[in-house]
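All remarks here apply to the structure that follows.
Protein chains: 2
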Amino acid sequence: MSVKKQPNARAAQSIRSPKDDLNQQIIRLLQQDGRMAFSEIAQQLDVSEGTIRNRVSGLRDNNMLRIVAMSDPVATEYTTDAMIGLNVATGVTPRQVAERLERNPRVVFILWVAGRYDLIIELVSDDSDALKDFLEHEIHGSNDIAKADVMPGLKNFKNQFLLKQGAKE
Amino acid sequence: MSVKKQPNARAAQSIRSPKDDLNQQIIRLLQQDGRMAFSEIAQQLDVSEGTIRNRVSGLRDNNMLRIVAMSDPVATEYTTDAMIGLNVATGVTPRQVAERLERNPRVVFILWVAGRYDLIIELVSDDSDALKDFLEHEIHGSNDIAKADVMPGLKNFKNQFLLKQGAKE
DNA sequence: CATTTCGATACGAATTTCGAATATTTTAGT
DNA sequence: ACTAAAATATTCGAAATTCGTATCGAAATG
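Residue numbers (the UniProt record's numbering), protein chains in the order written: chain A, 1 to 169; chain B, 1 to 169.
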């Protein structure tokens, strides 16, 4: 190892997208192992350790990136307030409704689906009035939703969508 | 700092739950910052660094704990195969069905709900036959499910249930 | 009560991270 | 096109952390 530095090593990264590409690759590696050493990431991506350090701390400072631990038992403790199946009003696209609801921090999941509904969203919160408030302001208070099928959550058996990748080994 | 070691330091941990308590505390800290140094965790919990190291690697090896990076833009790239609304067969409880489906790694989310369905599950996968295989083996191949409403995912607008905690600062 | 086993601790070595100076690239202005 | 300024990237020694491994202690087993 310890290749002094390929002459075109960083060229390959400059020619492409100025920086996003490297960030994406860093993130990709950290998604596999959030504790991977900066020096190893640097080695794999053929840049200096300092660069990785700067990028990661920059991403974290700007809340672009979070490195967190997840555990199965804890994941199940997340209380889902409700799943809501939505049908958008005529003349409105699911995307438009999704982009509106996206801003609400209590909505943690929005999926455009085919079938009975147009959108399926997941709502979480702490206090008990959150569901009522949400329905009042975001659903019935808007005219872009034709129908809302509210299904209050009773118990969460599993919640680990992030564990899926690399679930092998 | 560098308190040599409180005489009753590990007593406080032995008296209580034998080990689960310490694991929970380690996880709690790593949930705040997945890259927190073992030595700092050790200091905060008043045990040796080696203990933290052993516990964390043990938890990780057993898939009890996972340390991953999450980024908002990337999180939306998760492809959800389908959401499925399930109604359990008569004489079967949602819990029983949930406990069966829980074992399938492609099921990343299972929620018991009130309303149109009994259970709502989320399915993810890589290859395109996964949905077909799942329906064939886990749904239609079982007699504990009365009805399955499959809603294939078209586009994921938001998926960040884990970002909700500590999303302040 | 001896023995085994499991986990915690200690400690030196290897590795990694950090701080800060230097070098390079990019951007902007003229 | 040239230069100045700003932003990134790299380097390198010092500090901190992690790792391998041996030792210790407590609980369990026979």
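The beta carbon of each residue, even a glycine, is placed where N, CA and C say it ideally should be.
- In chain B, no part has a C-beta under 7 Å from the C-beta of A89(A); the shortest such distance is about 18 Å.
- A89(B) is not a Cβ neighbour of L131(B), given a cutoff of 8 Å.
- The distance from the Cβ of I27(A) to that of S71(B) is about 5 Å, consistent with a contact at the 8 Å cut-off.
- Taking a contact to require three or more Cβ pairs closer than 8 Å, the region 87 to 107 of chain B and the region 138 to 155 of chain B qualify as touching.
- For R106(A), the closest alpha carbon among the candidates I84(A), Q24(A), R116(A) is that of I84(A).
- Annotation: A42(A) has no Cβ neighbours in chain B at a cutoff of 9 Å; minimum Cβ distance is about 16 Å.
- Any Cβ of chain A closer than 8 Å to the Cβ of N156(B) would place that residue at the interface, and such an atom is present.
- In the structure shown, E138(A) falls within a helical segment according to DSSP collapsed to helix, strand and coil.
- Residue state for V108(A) is assigned as strand, using DSSP reduced to three classes.
- A straight line joining the alpha-carbon of I41(B) with that of A148(A) spans about 46 Å.
- Scanning its chain for C-beta atoms nearer than 8 Å, with the 5 sequence neighbours on each side dropped, one finds around R66(A) the residues R60, in chain order.
- In this structure, Q31(A) is the residue among Q31(A), D118(A), D133(A) with its C-alpha nearest to the C-alpha of A69(B).
- By the 16-neighbour rule on beta-carbons within 10 angstroms, A98(B) is buried.
- Counting every other CB atom within 10 Å of its CB across the protein chains shown gives G58(B) a total below 16, marking it as exposed.
- CA-to-CA, the gap between D33(B) and G153(A) works out to about 29 Å.
- For E122(B), the enclosing beta strand (DSSP E) covers residues 119 to 124.
- Taking 8 Å as the cut-off, the beta carbon of L111(B) is found no closer than this to the beta carbon of L123(B).
- For R55(A) against L22(A), the beta-carbon gap comes to about 7 Å, under 8 Å, which counts as contact.
- According to the DSSP assignment, R66(A) belongs to the beta strand (DSSP E) that extends over 65 to 71.
- Selection F157(A), L135(A), F109(A) evaluated against N156(B) yields F109(A) as nearest (Cα-Cα).
- Of R103(B), H137(B), N87(B), the smallest CA-CA separation from V113(B) is found for N87(B).
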